[in-house]
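Trainee: Here it is, the structure, as structure tokens.
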Amino acid sequence: MGNTVQPKSLLLVEDEAVIAMDQAAVLEQYGFMVHTVHSGEDAVRFCEEGGNVDLILMDIDLGEGIDGTEAAKQILKMYDIPVVFLSSHTEREIVDRTEKITSYGYVVKHSGIVVLVASIKMAFRLFEANKKIVDELSERRKAEEALQTSLDHLRRSQSVARIGNWVLDLAANTFQASEEGLRLFGFPADATPGFEEVVALIDPADRPRLKSVLSESLHSGNPYQVEMKIIARETGMTRHIFSIGEIEHDSDGNPSRIVGINLDITERVYAENALRESEEKYRTLVENINDIIFTLDSEGRVTYISPRVYQLSGYRPDELIGRTFTDFIYPEDMAGLMESYQQTMEGALAPYEYRVLHKDGSVRFVRTFSSVVAGQGKPATLTGIMTDVTERRQVDEAIKLSEQKYNAFINSSADMVFLKDEDLRYTMINPNLAEFFGKECEDVVGLTDFDLMPEEAAINCRKSDLETLETNRTVVNEEKVGERFFETIKFPVTLGQSTVVGGYIRDITKRKNAEMELALAFEEKQALLRELQHRIKNTLVMITSLASLEAGASKDSSVKEALASIKGRIDTLSTLYSILYSSGDIKELRLDTYLRSVVDAIMIAYKPVGRTIDVQLFLEDIRIDTKKATSLGLILNELLTNSLKYAFAESIDGKVQVELKKTGRGIELSVIDDGSGLPRDFDPKKSGGFGLRLVGMLVKQGKGGIEYECNTDTVFRAWISLL
0 MGNTVQPKSL LLVEDEAVIA MDQAAVLEQY GFMVHTVHSG EDAVRFCEEG GNVDLILMDI
60 DLGEGIDGTE AAKQILKMYD IPVVFLSSHT EREIVDRTEK ITSYGYVVKH SGIVVLVASI
120 KMAFRLFEAN KKIVDELSER RKAEEALQTS LDHLRRSQSV ARIGNWVLDL AANTFQASEE
180 GLRLFGFPAD ATPGFEEVVA LIDPADRPRL KSVLSESLHS GNPYQVEMKI IARETGMTRH
240 IFSIGEIEHD SDGNPSRIVG INLDITERVY AENALRESEE KYRTLVENIN DIIFTLDSEG
300 RVTYISPRVY QLSGYRPDEL IGRTFTDFIY PEDMAGLMES YQQTMEGALA PYEYRVLHKD
360 GSVRFVRTFS SVVAGQGKPA TLTGIMTDVT ERRQVDEAIK LSEQKYNAFI NSSADMVFLK
420 DEDLRYTMIN PNLAEFFGKE CEDVVGLTDF DLMPEEAAIN CRKSDLETLE TNRTVVNEEK
480 VGERFFETIK FPVTLGQSTV VGGYIRDITK RKNAEMELAL AFEEKQALLR ELQHRIKNTL
540 VMITSLASLE AGASKDSSVK EALASIKGRI DTLSTLYSIL YSSGDIKELR LDTYLRSVVD
600 AIMIAYKPVG RTIDVQLFLE DIRIDTKKAT SLGLILNELL TNSLKYAFAE SIDGKVQVEL
660 KKTGRGIELS VIDDGSGLPR DFDPKKSGGF GLRLVGMLVK QGKGGIEYEC NTDTVFRAWI
720 SLL
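Written out as structure tokens, the structure is:
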């Protein structure tokens with residue numbers, strides 16, 4: 000059987016599973032072996048764990064986590080591998096960003112499989128070409144090391160090799176050179192330039208050095224060699240040459256000519272400069288990156304470590320060179336690290352995390368990735384990268400503790416707790432909700448309400464879920480399931496760039512039953528109160544009726560007057576209970592409405608005969624508690640009754656005004672009449688009438704007062720405090 004060509008292996012990094020599956024299938028049809036991962040972290044992990052591929056197809060947008068450019072950076076720190084970026088983006092800044100990482104290709108998605116395969120093949124060719132250049136530079140370096148040894152052989156064989164050979168005739172002052180030698184200086188092949196023309200093409204900065212070595216060679220008779228720059232005559236291009244020559248003498252022993260060769264070393268100089276710049280960049284990178292680069296010899300002793308180690312350990316590099324790495328390991332981690340070290344020395348490639356001791360005695364967490372460098376006839380050494388992961392470990396521990404607290408809180412909650420994703424599938428529930436569904440927690444994850452409950456109930460649940468997401472606000476619902484009542488509180492939860500639904504389901508059966516019992520008791524109480532008010536009103540009516548009967552039966556005018564006063568006061572209270580009964584509010588009432596009813600009752604009781612008394616009411620809309628209303632009703636009864644009884648003679652018509660308003664003193668009630676006025680010696684404090692004494696007691700009880708005026712009109716003004 001003939002030899003079979005091993006197919007090229009690709010790592011496809013694509014976060015969309017369907018797209019990845021399709022691309023992998025098509026690439027496999029073109030003979031590639033394809034491995035697929037769906038995130039930047041998975042790509043890095045695949046390479047860290049030794050995944051062997053020949054090329055990486057890297058998407059840039061990878062959803063949550065690191066993007067493709069960051070993943071490529073991390074992978075290229077571990078491997079020299081071609082990376083072709085595969086993205087929908089065509090923005091210049093994104094393309095430029097990828098070129099700073101690697102230049103093996105950038106393919107726009109949906110460009111077609113032909114373009115993609117051609118780009119992959121071109122990347123392989125570029126990679127092989129780069130490897131070839133590196134190999135050639137290595138070989139050139141070896142050749143240069145042997146150059147000094149072979150210079151004598153080169154000098155003797157220059158006529159055969161035809162490498163820029165030349166002859167300077169000192170006597171004739173002529174310069175002759177081979178075709179290659181003339182081309183180097185920019186002369187045509189048949190030119191015979193003079194020595195001065197050749198010297199004029201040498202970089203002015205190098206002429207003194209050339210003059211010095213020629214003078215020394217002429218004086219000593221020894222060959223010379225020198226590096227210098229020349230400016231090509233026709234192109235103006237700067238070339239670096241390595242010139243070797245020796246002096247020939249005539250028969251008299253006098254110098255007659257100089258024979259030599261010029262070797263074009265421009266590429267070597269550029270390569271050396273590039274290598275020097277590369278080494279300088281590498282040194283700068285190693286000394287400034289956050290990671291620590293180190294090398295160990297076969298005995299585990301530190302042979303190199305980058306300066307960043309000082310920030311990690313408190314040791315300078317020179318304090319660590321020559322010491323074994325075990326001197327700084329946390330004792331409890333020693334056994335595991337030694338096992339990992341042995342596996343690495345045997346060829347394993349795997350990162351390892353452990354603790355190291357700082358110079359001040361504190362402990363830091365590090366992560367190392369190491370590999371063996373096999374020496375040619377020398378013991379193998381180990382090189383690696385060390386990363387300080389202390390903060391990450393602390394964050395991980397904090398997250399783990401937070402998750403433990405979160406789980407402990409959720410699982411110990413007496414409520415039923417859940418979390419749903421954007422598709423309204425359960426992603427988390429606590430044991431109480433799992434028990435309600437009659438399942439285990441893990442069996443509910445991934446299901447919807449339609450999988451767990453009757454359709455009507457599921458529709459209602461979905462409706463409130465969508466309301467929560469659309470309004471981005473908390474939604475509270477109550478519903479009855481069988482004989483039990485539940486309160487569901489749903490709220491939006493932001494996870495990354497997504498908004499999902501979280502919630503609590505609380506069994507409120509006991510509370511609802513208690514509320515219904517309380518409502519029933521309240522209704523019974525209200526009914527009882529209304530009945531009580533009705534009975535009190537009836538009782539007051541009965542009392543006023545008895546007073547009227549008693550007054551009618553009595554022949555004593557003072558008794559009649561006293562019973563009439565009592566009846567008026569009871570009517571005032573009866574009116575209050577009528578209003579309370581009709582309004583259903585026992586705490587407060589409309590004072591103006593109440594006083595209007597009191598006035599109507601008084602005017603019926605004291606309806607004048609043969610004369611007209613005009614009563615005008617100016618009452619503000621005031622709500623007040625029943626206790627203060629009772630006092631003001633009795634005050635109005637006494638003041639208005641006195642006015643009607645005493646202010647007008649039987650043959651006089653008149654006018655009475657009743658005013659009610661709020662003032663700075665409180666609630667102010669005034670009774671104003673245009674009757675006959677008060678006696679000159681009137682003093683309410685010395686008045687023997689019970690009515691005014693009653694008014695005085697009521698305003699005092701109400702933290703108010705009473706005052707009167709007697710000018711054109713007689714005014715009695717009483718007020719009580721609102722406090």
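According to numbering that gives the first Met the number 0, the sequence shown is numbered sequentially starting from 0. The beta carbon of each residue, even a glycine, is placed where N, CA and C say it ideally should be.
Determine the contact status of residue 436 and residue 415, defining contact as a CB-CB distance below 7 Å.
Mentor: In the sequence shown, residue 436 corresponds to position 437, counting from 1. In the sequence shown, residue 415 corresponds to position 416, counting from 1. Contact: no.
Trainee: Of the residues 230, 179, 223, 181, which one's Cα is nearest the Cα of residue 204?
Mentor: Reading the sequence shown from its first residue, position 205 is the one you call residue 204. For residue 204, the nearest C-alpha among the options comes from 230.
Trainee: Classify residue 496 as helix, strand or coil using the three-state DSSP reduction.
Mentor: The sequence position of residue 496 within the sequence shown is 497, counting from 1. Of the three classes helix, strand and coil, the one that applies to residue 496 here is coil, per DSSP.
Trainee: Do residue 619 and residue 668 have their C-beta atoms closer together than 7 Å?
Mentor: Your numbering for residue 619 matches position 620 in the sequence shown. Your numbering for residue 668 matches position 669 in the sequence shown. No, the Cβ-Cβ distance between residue 619 and residue 668 is not below 7 Å.
Trainee: Under the DSSP definition of a beta bridge, which residues are partnered with residue 254?
Mentor: Along the sequence shown, read from residue 1 onward, the residue named residue 254 stands at position 255. Note: residue 254 sits in a beta bridge opposite 248.
Trainee: How many Å lie between residue 493 and residue 467 at the Cα?
Mentor: Indexing the sequence shown from 1 puts residue 493 at position 494. Indexing the sequence shown from 1 puts residue 467 at position 468. Taking the straight line joining both Cα atoms gives about 12 Å.
Trainee: Can you grab the Cα-Cα spacing for the pair residue 721 / residue 705, in whole Å?
Mentor: In the sequence shown, residue 721 corresponds to position 722, counting from 1. In the sequence shown, residue 705 corresponds to position 706, counting from 1. Straight-line Cα distance between these residues: approximately 15 Å.
Trainee: Just to confirm my understanding: we take residue 457, look at its own chain, exclude 5 residues before and 5 after, and list those with CB closer than 7 Å. What are they?
Mentor: Position 458 of the sequence shown holds residue 457. Correct list, in chain order: 448, 449.
Trainee: Using alpha carbons as the reference points, say which of 359, 353, 362 lies closest to residue 368.
Mentor: Taking the sequence shown and counting its residues from 1, one reaches residue 368 at position 369. Closest by alpha carbon: 353.
Trainee: Beta-carbon within less than 6 Å of residue 759's beta-carbon, same chain only, minus the 5 sequence neighbours each way: which residues are those?
Mentor: Not covered by the structure: residue 759. The range shown for the chain is 0 to 722.
Trainee: Take residue 258 as the anchor and find which of 312, 168, 513, 181 has the nearest alpha-carbon.
Mentor: Start at 1 with the first residue of the sequence shown, and residue 258 comes out as number 259. Of the candidates 312, 168, 513, 181, the one whose C-alpha sits nearest the C-alpha of residue 258 is 168.
Trainee: Quick one: grab the DSSP three-state call for residue 164.
Mentor: In the sequence shown, the residue the question calls residue 164 occupies position 165. DSSP places residue 164 in strand when its eight states are reduced to three.
Trainee: Across which residues does DSSP place residue 709 in a beta bridge pair?
Mentor: For this step, residue 709 is matched to residue 710 along the sequence shown. BP columns for residue 709 point to 713.
Trainee: Taking all protein chains shown into account, do 16 or more other C-beta atoms lie within 10 angstroms of the C-beta of residue 312, making it buried, or fewer, making it exposed?
Mentor: Numbered from 1 along the sequence shown, position 313 holds the residue referred to as residue 312. By the neighbour-count rule (16 or more Cβ atoms within 10 Å), residue 312 is buried.
Trainee: Within the chosen definition, does the stretch 242-256 reach the stretch 115-132 through at least 3 CB pairs nearer than 8 Å?
Mentor: The stretch 242-256 is not in contact with the stretch 115-132.
Trainee: Please name the residue or residues paired with residue 356 in a DSSP beta bridge.
Mentor: Taking the sequence shown and counting its residues from 1, one reaches residue 356 at position 357. Answer is 362, bridged to residue 356.
Trainee: Is it buried or exposed, residue 269, if we count other Cβ atoms within 10 angstroms and call 16 or more buried?
Mentor: As a first step, residue 269 must be located in the sequence shown, where it is residue number 270. With fewer than 16 Cβ atoms within 10 Å of its Cβ, residue 269 is classed as exposed.
Trainee: Going straight from the alpha carbon of residue 223 to that of residue 240, what length do you get?
Mentor: Residue 223 sits at position 224 when you count from the first residue of the sequence shown. Residue 240 sits at position 241 when you count from the first residue of the sequence shown. Looking at the two C-alpha atoms, the distance is approximately 14 Å.
Trainee: Among the residues of its own chain, which have a CB less than 6 Å from the CB of residue 654, if the five just before and after it don't count?
Mentor: Locating residue 654 in the sequence shown gives position 655, counting from the first residue. So the list reads 613, 673, once near-sequence residues are dropped.
Trainee: Going by DSSP, name the residue or residues bridged to residue 619.
Mentor: Here residue 619 refers to the residue found at position 620 when the sequence shown is read from its first residue. DSSP lists no partner for residue 619.
Trainee: According to DSSP, what are the bridge partners of residue 654?
Mentor: Here residue 654 refers to the residue found at position 655 of the sequence shown. Answer is 613.
Trainee: Within 10 Å of its beta-carbon, does residue 460 have 16 or more other beta-carbons around it, so buried, or fewer, so exposed?
Mentor: In the sequence shown, counting from the first residue as 1, residue 460 sits at position 461. Buried, by the Cβ-count rule.
Trainee: Checking the sheet assignment: what are the DSSP bridge partners for residue 34?
Mentor: Translated into positions along the sequence shown, residue 34 becomes position 35. BP columns for residue 34 point to 10.
Trainee: Cα-Cα, which of 671, 184, 208 is closest to residue 709?
Mentor: To locate residue 709, count along the sequence shown from 1; it is residue 710. It is 671 whose Cα lies nearest to the Cα of residue 709.
Trainee: Within 10 angstroms of the Cβ of residue 195, are there 16 or more other Cβ atoms? Answer buried if so, exposed if not.
Mentor: Within the sequence shown, numbered from 1, the residue matching residue 195 stands at position 196. With fewer than 16 other Cβ atoms within 10 Å, it is exposed.
Trainee: Based on the DSSP output, what are the partners of residue 669 in its beta bridges?
Mentor: Here residue 669 refers to the residue found at position 670 when the sequence shown is read from its first residue. Answer by DSSP bridge pairing, in chain order: 658, 716.
Trainee: When DSSP builds the beta bridges, which residues end up paired with residue 261?
Mentor: Start at 1 with the first residue of the sequence shown, and residue 261 comes out as number 262. BP columns for residue 261 point to 242.
Trainee: Roughly how many angstroms lie between the CA atoms of residue 30 and residue 348, to the nearest whole one?
Mentor: For the purposes of this step, residue 30 is taken as residue 31 along the sequence shown, with counting starting at 1. For the purposes of this step, residue 348 is taken as residue 349 along the sequence shown, with counting starting at 1. Using only the alpha carbons, I get a separation of about 28 Å.
Trainee: Cα-Cα, which of 276, 389, 418, 248 is closest to residue 443?
Mentor: Walking along the sequence shown from the start, residue 443 turns up at place 444. Per the Cα distances, 418.
Trainee: Quick check on residue 631: does DSSP put it in helix, strand or coil?
Mentor: Taking the sequence shown and counting its residues from 1, one reaches residue 631 at position 632. Reduced to three states, the DSSP call for residue 631 is helix.
Trainee: Pop quiz: residue 302 and residue 291 are said to be a contact at Cβ under 8 Å. What is the actual Cβ separation, rounded to whole angstroms?
Mentor: Position 303 of the sequence shown holds residue 302. Position 292 of the sequence shown holds residue 291. Contact flag wrong, Cβ pair sits at about 14 Å.
Trainee: Between 664, 694, 293, 420, which has its C-alpha nearest residue 491's C-alpha?
Mentor: As a working note, residue 491 is residue 492 in the sequence shown. Per the Cα distances, 420.
Trainee: When you compare each of 425, 193, 187 to residue 172 by their alpha carbons, which one comes out closest?
Mentor: For the purposes of this step, residue 172 is taken as the residue at position 173 of the sequence shown. Out of 425, 193, 187, 193 has the C-alpha closest to the C-alpha of residue 172.
Trainee: Considering only the alpha carbon of each residue, which of 308, 316, 344, 362 lies closest to residue 332?
Mentor: Working through the sequence shown from its first residue, we reach residue 332 at position 333. Residue 362 is the option with its Cα nearest to residue 332.
Trainee: In three-state terms, what does DSSP make of residue 506?
Mentor: Along the sequence shown, one-based indexing puts residue 506 at 507. Here residue 506 sits in strand by DSSP.
Trainee: For a test of the three-state rule: what should DSSP assign to residue 216, helix, strand or coil?
Mentor: Position 217 of the sequence shown, counted from the first residue, corresponds to residue 216. Note: residue 216 maps to helix in three-state DSSP.
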